[in-house]
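Notes for the one structure printed next.
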Amino acid sequence: MIKIKTQKEIKKMRAAGKLAAELLDYLEPYIKAGNSTLLLNDLAEEFTQKHGAISAPLNYNGFPKSICTSINNVVCHGIPSEKDILKDGDIVNIDVTVILNKYHGDTSRTYLVGNVDPKIEKLVRRTKKAMEIGISKIKPGEMLYEVGKAIEKYIEPFGYSIVDAYCGHGIGKGFHEDPYVLHKFSMENAIELKPGMTFTVEPMVNMGNSSGVVTSNEDGWTVTTLDGSVSAQFEHTVLVTETGVEILTKV
Ligand code: MF3
Ligand code: CO
Ligand code: CO
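Numbering (the numbering used here), first residue to last: 2 to 252.
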């Protein structure tokens, strides 16, 4: 069941989304070679608490940390660790979700660490563009599958692959609500968009031609590409408005 948010709820979603975006802005100067992903995690937890919010990932289905940090061939759900030290040429996705006044704000960006191979930089830029193109399709009366269709149409010619094992999701009081938002065309997303719906758009794009992913047996979370190629992701939480779309995870 897709929950249509009331004006009161939308206000809270806006505040949570803004805080999540501010958290990423706050972390940005620390995303550099020599810093561990654990440092980023600890800074995020501190910032979140200071703003009266809760880190949604912490203890979510047993996830052990406050944010997800996914480096290079890690597709998503990387666990911050003191052993993971960022180095020149890496890309790292930082995925944060805060709960403020009971409502979630979920957003991620992929950052370049120092000098990154231009080919990889292109993947990152195009993945961001893919998210933006998907979001631009959103308006009342439109079908949700237009989001995935547009992302697929844009990404396909580059020879990259869109991960289909993970998708966007409705969001509100719940971290992951209906509907599931696919990043490729699918009749499963033959859902008419209505004002007051809130969900994420968060394509994961692999540089290689395999969309396959594997989840680590060791920690049960870290998802990597099947072929070892690098993977990028961007995520926003959005609201369907009376006339179009509003990005909630912005400052
Ligand atoms: N933030 C992720 C998403 O976009 C979910 C992370 S779940 C966790 O949906 F448990 F790994 F934190
Ligand atoms: Co999400
Ligand atoms: Co997220």
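For every residue, glycine included, the Cβ atom is placed at its ideal position computed from N, Cα and C.
Taking the alpha carbon of G175 as the point to measure from, which residue in G35, K19, L101, E23 has its own alpha carbon closest? L101
From the DSSP secondary-structure annotation, give me the bridge partner or partners of A16. DSSP, once it has assigned bridges, lists no residue as partnering A16.
On a Cα-Cα basis, can you pick out the residue from P204, L40, P58, T7 that is closest to A21? P58
Looking at the unbroken alpha helix (DSSP H) that takes in A131, where does it start and where does it end? 119–137
Just mark R126 as buried or exposed, buried being the case when its beta carbon has 16 or more other beta carbons within 10 Å. exposed
Would you kindly work out how many angstroms separate the C-alpha atoms of L227 and K9, rounded to a whole number? 44 Å
Secondary structure at D43, three-state DSSP: helix, strand or coil? helix
Flag T98 as yes when its Cβ comes closer than 6 Å to any non-hydrogen atom of ligand 1, and as no otherwise. yes
Cβ of C168 within 6 Å of any heavy atom in ligand 1? no
Among the residues of its own chain, which have a CB less than 6 Å from the CB of T49, if the five just before and after it don't count? S56, V99
Nearest chain D C-beta to A233 closer than 7 Å, yes or no? No chain D is present in this structure, which holds just one protein chain.
Could you give the first and the last residue of the continuous beta strand (DSSP E) run that contains Y155? Taken as a continuous stretch (DSSP letters only), Y155 belongs to no beta strand (DSSP E), being part of the alpha helix (DSSP H) at 146–156.
Closer than 6 Å to a non-hydrogen atom of ligand 1 - does that hold for the CB of P58? yes
Determine, using beta carbons only, whether T199 and K33 come nearer to each other than 7 Å. no
T223 to V75, Cα distance in whole Å? 7 Å
Can you list, in chain order, the residues of its chain whose CB lies under 7 Å from that of L44, leaving out five sequence neighbours each side? L28, Y31
Cβ neighbour criterion (16 or more within 10 Å) applied to D26: exposed
For S187 and N207, I'd like the C-alpha separation in whole angstroms. 19 Å
From F159 to K51, what does the alpha carbon distance come to, in whole angstroms? 42 Å
Look at the alpha carbon of T244 and the alpha carbon of K140, and state the distance between them as a whole number of angstroms. 6 Å
Same chain, Cβ closer than 7 Å to P65, five either side skipped, listed in chain order: I80
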